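What follows is a short report on a single structure.
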Amino acid sequence: MKIEELTIEEIQKAYQEKRFTVTEIVQGYLDRINKLDPQIGAFITLCKESALKEAEAIDKKLANGEDIGMLGGIPVAIKDNICTRGIKTTCASKILEDFIPPYDATVVQRLKDAGAIIIGKTNMDEFAMGSSTENSAFQKTKNPWHLDKVPGGSSGGSAAAVAAGFAPLTIGSDTGGSIRQPAAFCGAVGLKPTYGLVSRYGLVAFASSLDQVGPFTRTVKDCAISLQTIQGHDPLDTTSIQREPEKDYISDLHKGVKGLRIGIPKECFKEGLDPEIRSAIEKAVRQLEEDGAVVEEFSLPIMDSGLSAYYIISSAEASANLARYDGVRYGYRAENFTGIEELMENTRTEGFGKEVKRRIMLGTYVLSSGYYDAYYKKAMMLRQKIQKVMKQAFEAYDIILTPTSPVLPFSIGEKTADPMEMYLADIYTVNINIAGVPAISIPCGFSKEKLPIGLQLIGDHYTEKKLLQAAYSLEQGLGVYHETAFLKEAE
Amino acid sequence: MKITTETINYIAKLAKLRFNEDEAETFAKEFEGILDHFQNLDKEDLSMEGLAAAKEGKSILRKDEIKPFENKEELFQNAKGMRESYLSIPKVIE
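Protein sequence lines correspond, in order, to chains A and B.
The working numbering runs 47 ahead of the 1-based position in the first sequence.
The working numbering runs 1086 ahead of the 1-based position in the second sequence.
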């Protein structure tokens, strides 16, 4: 058995057939993490003892023939901006370095209720602000496919953990592409559900109107299983879905794409797109056509300006959300200060990293008197236009297909000098959050240098079922998910 | 659009942050680049989009029910200081 290649589905089957115990699986992943994570840096915290204890409890249930739940005995790693009771939740920030939540996020509670075992907390860009995981206050995460490259971000630790075979399931958050882009960079499946489908309660807020929690897995089927577990209404999140969500994403996965109308925005294929990504996408499109989908090019001229609207709205919301970190009640507090003003100023100046400060500044600027109309108000108006344009597109198409990222995984340090260059890496993903619709990134090939390439499928609100069905069909057709990054122990 | 270090320092004050001269200058330069990019909002025709017209969402309220939080120790573990059952914080009134 190669533990790094196992899917949720395979582990579940092995438990049922008593081929191995939950303890063996959890210990197997922990051993692999201990051996190989020093060179990847995916984890901020490991929960060795509690994970083994929970594994033992589920083994007992299995021995007694009891039901172990939809994700019974499945190890899961959680992004470090999602609250875990009794386990440090840092947001990869000095300002929350010692923060231990007294409660579980709803998504964590649902995973636990389904029998999943939390094995650790993963690295990220500080407060989820970034596209390379280089903005963590603690460590840099490496791309398991190429250790000189970034894993993407902001959920880079979660994506790298799946790609490195440290867990079959990890959880991330996506405000402007933070699940899909690292999934593409690491060759994982990453889903950003419809805004509201998964509760945000316990997710440390970055931009509340855009944030959404979602899974990273090795396969589309595992993604469907995970979504079914974590979704649904939550009275603790007033923006969560108010009706019963789709109950079954799995049964119809194999139904194929025959007759499915797929639109491709031609704006995604102009200059700026890496030629290797272009040819991988073209190959995937041919696959879809062969399988009976009706693929058509159309115009969606909102990409560029949507990026501006995204950075204005998300920074504005962040500047308000992060006002709470003032050193008064919890979190980091500056040692030297005279008076309350200086306490807050020193705490925030010492506690936040550079990118977080940049976003707070940008957000404060666009909301400040004299600039509100020129930036924030315009961005909010554009947001409505984007929502309308996307709605119209979904009248003509079931699914919109784009590359996930215009660029291949870049080198560590390559884009840190110019913030605008880093922001441009999000051009295909941000509009999806602005519209609030779901999108999935799946691996669709490799570059010549053996770097993963991701493809994004976008659906209308709450059409995850159709989206997963199309993604599954394409995944089976392309078959690239069988490959795992090869890692050897550092000497 | 030209951004001065005075603007940066003014915004920093609003955001309760502080920058030294070098940092403020770097920020000013980066801001210019970012705000220049934001100018592409102006090429969008937004005349159709009334802000008021699109507020279809409604507020969802839940019942305000009191539930005792059993484990107070866990609840207060992140506080910087406690005195009996009160949080102790630095002096906030001059």
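Just so you know, even glycine gets a beta-carbon here, dropped at the ideal spot from N, CA and C.
These figures come from a predicted structure and were not determined experimentally.
From what residue to what residue does the beta strand (DSSP E) around residue i run?
i, result
"V123 of chain A", "P122 to K126"
"K239 of chain A", "V236 to K239"
"P229 of chain A", "Careful: P229 of chain A lies outside any beta strand (DSSP E), inside the alpha helix (DSSP H) at R227 to C233."
"L1132 of chain B", "Neither: L1132 of chain B is in no beta strand (DSSP E) and is coded neither H nor E."
"I505 of chain A", "P499 to I505"
"T264 of chain A", "V260 to T264"
Just reading off the alpha helix (DSSP H) that residue i is part of, what are its end residues?
i, result
"C270 of chain A", "V267 to I277"
"I218 of chain A", "Per DSSP, I218 of chain A belongs to no alpha helix (DSSP H); it is in the beta strand (DSSP E), L216 to S220."
"T68 of chain A", "No alpha helix (DSSP H) contains T68 of chain A, which DSSP labels as neither H nor E."
"F1124 of chain B", "E1107 to F1124"
"T411 of chain A", "K401 to L414"
"V209 of chain A", "G203 to A210"
"K168 of chain A", "That residue, K168 of chain A, is in no alpha helix (DSSP H); its beta strand (DSSP E) goes I164 to T169."
"N1095 of chain B", "T1091 to L1100"
Are there any heavy atoms of the ligand FAD lying less than 7 Å away from the beta-carbon of residue i, as far as the coordinates show?
i, result
"K107 of chain A", "Of the ligands one can find in the structure shown there are none, so the ligand FAD has no counterpart to examine."
Please classify residue i: does DSSP put it in a helix, a strand, or coil?
i, result
"R132 of chain A", "coil"
"L158 of chain A", "helix"
"P149 of chain A", "coil"
"N493 of chain A", "It should be noted that the sequence gives Phe, not Asn, for residue 493 of chain A. F493 of chain A falls in the strand class under three-state DSSP."
"S488 of chain A", "strand"
"Y296 of chain A", "coil"
"T523 of chain A", "Before going further, note that residue 523 of chain A is Gln rather than Thr in the sequence given. It is helical."
"K196 of chain A", "strand"
"F316 of chain A", "helix"
"N1157 of chain B", "coil"
"N182 of chain A", "coil"
"Y1069 of chain B", "The requested residue 1069 of chain B does not occur in the structure, where chain B is confined to residues 1087 to 1180."
"G224 of chain A", "coil"
"I311 of chain A", "strand"
"N190 of chain A", "strand"
"L1103 of chain B", "coil"
"L250 of chain A", "strand"
Going by beta carbon distance, what residues of the same chain come within less than 6 Å of residue i, once the five residues before and after it are set aside?
i, result
"V332 of chain A", "V342"
"R380 of chain A", "G374 and T394"
"E293 of chain A", "K512"
"K108 of chain A", "I115"
"L1173 of chain B", "A1165"
"S488 of chain A", "R227, A230, A231, G237, T451, G501 and Q503"
"Q278 of chain A", "L244, V245 and P292"
"T286 of chain A", "G243"
Using a beta-carbon distance below 8 Å, is residue i in contact with chain C?
i, result
"R1169 of chain B", "Chain labels in this structure do not include chain C; the protein chains are A and B."
Quick one: what's got a C-beta closer than 7 Å to residue i's C-beta in the same chain, skipping five residues either side?
i, result
"S352 of chain A", "L429"
"T222 of chain A", "A175, F253, A254, L257, D258, S361 and N480"
"I218 of chain A", "V123, I125, K126, I129, V154, S205, V260 and P262"
"E50 of chain A", "For clarity, residue 50 of chain A is Ile in the given sequence; the question names Glu instead. Result list for I50 of chain A: G75, Y76, R79 and G212, in chain order."
"K141 of chain A", "A184, Y379 and G398"
"M37 of chain A", "Missing from the structure shown is residue 37 of chain A; chain A here goes from 48 to 538 and no further."
"T137 of chain A", "I91, D127, L143, E144 and F146"
If you drop the 5 nearest sequence neighbours on each side, which residues of the same chain put their C-beta closer than 8 Å to that of residue i?
i, result
"Y470 of chain A", "S178, L354 and Y358"
"I105 of chain A", "V69, I115, G119, G120, G162 and I164"
"A1098 of chain B", "R1104, F1105 and A1110"
"M117 of chain A", "A161, G162, I272, Q275 and T276"
"H193 of chain A", "P456, E496, K497 and L498"
Review point. Would you say the stretch 248-266 of chain A touches the stretch 207-218 of chain A, given that touching needs at least three Cβ pairs under 8 Å?
Key: yes
Point to revise | Segments assigned beta strand (DSSP E), at least 3 residues, entirely inside the stretch 320-391 of chain A | key: 341-345
Exercise for review: Would you check if there are 3 or more beta carbon pairs closer than 8 Å linking the stretch 300-319 of chain A to the stretch 334-348 of chain A?
Suggested key: Judged by Cβ distances under 8 Å, the stretch 300-319 of chain A makes contact with the stretch 334-348 of chain A, as three or more pairs qualify.
Practice item. Could you pull out every unbroken alpha helix (DSSP H) segment of at least 4 residues lying fully inside the stretch 422-486 of chain A, listed in chain order? Key: 425-443, 466-471 and 477-482
Check your understanding: With contact counted as at least three CB pairs below 8 Å, one residue from each stretch, are the stretch 240-248 of chain A and the stretch 121-128 of chain A in contact?
Key -> no
Practice item. Please confirm if the stretch 294-309 of chain A is in contact with the stretch 428-437 of chain A, defined as three or more CB-CB distances below 8 Å between the two stretches. Key: No contact exists between the stretch 294-309 of chain A and the stretch 428-437 of chain A.
Review point. Taking one C-beta from the stretch 154-168 of chain A and one from the stretch 99-115 of chain A each time, how about it: are there three or more such pairs within less than 8 Å?
Key: By the Cβ test, the stretch 154-168 of chain A is in contact with the stretch 99-115 of chain A, since at least three Cβ pairs between them sit closer than 8 Å.
Review point. So does the stretch 182-198 of chain A actually touch the stretch 458-476 of chain A, counting three or more Cβ pairs closer than 8 Å?
Key: yes
Point to revise | Segments assigned beta strand (DSSP E), at least 3 residues, entirely inside the stretch 55-101 of chain A | key: If we require 3 residues or more, the beta strand (DSSP E) runs fully inside the stretch 55-101 of chain A come out as 90-93.
Check your understanding: Below 8 Å, can you find three or more Cβ-Cβ pairs linking the stretch 68-82 of chain A to the stretch 143-150 of chain A?
Key -> The stretch 68-82 of chain A is not in contact with the stretch 143-150 of chain A.
**Study point:** Three or more C-beta pairs below 8 Å linking the stretch 439-455 of chain A and the stretch 318-333 of chain A
**Key:** yes
Practice item. Specify whether the stretch 525-534 of chain A and the stretch 1119-1127 of chain B touch according to this definition: at least 3 beta carbon pairs, one from each stretch, less than 8 Å apart. Key: no
Check your understanding: Just checking, does the stretch 406-417 of chain A make contact with the stretch 153-162 of chain A on the three C-beta pairs under 8 Å criterion?
Key -> no
Review point. Between the stretch 278-297 of chain A and the stretch 491-508 of chain A, do three or more beta carbon pairs fall short of 8 Å?
Key: no
Practice item. Pair every Cβ in the stretch 471-478 of chain A with every Cβ in the stretch 382-400 of chain A, then say whether three or more of these pairs are closer than 8 Å. Key: no
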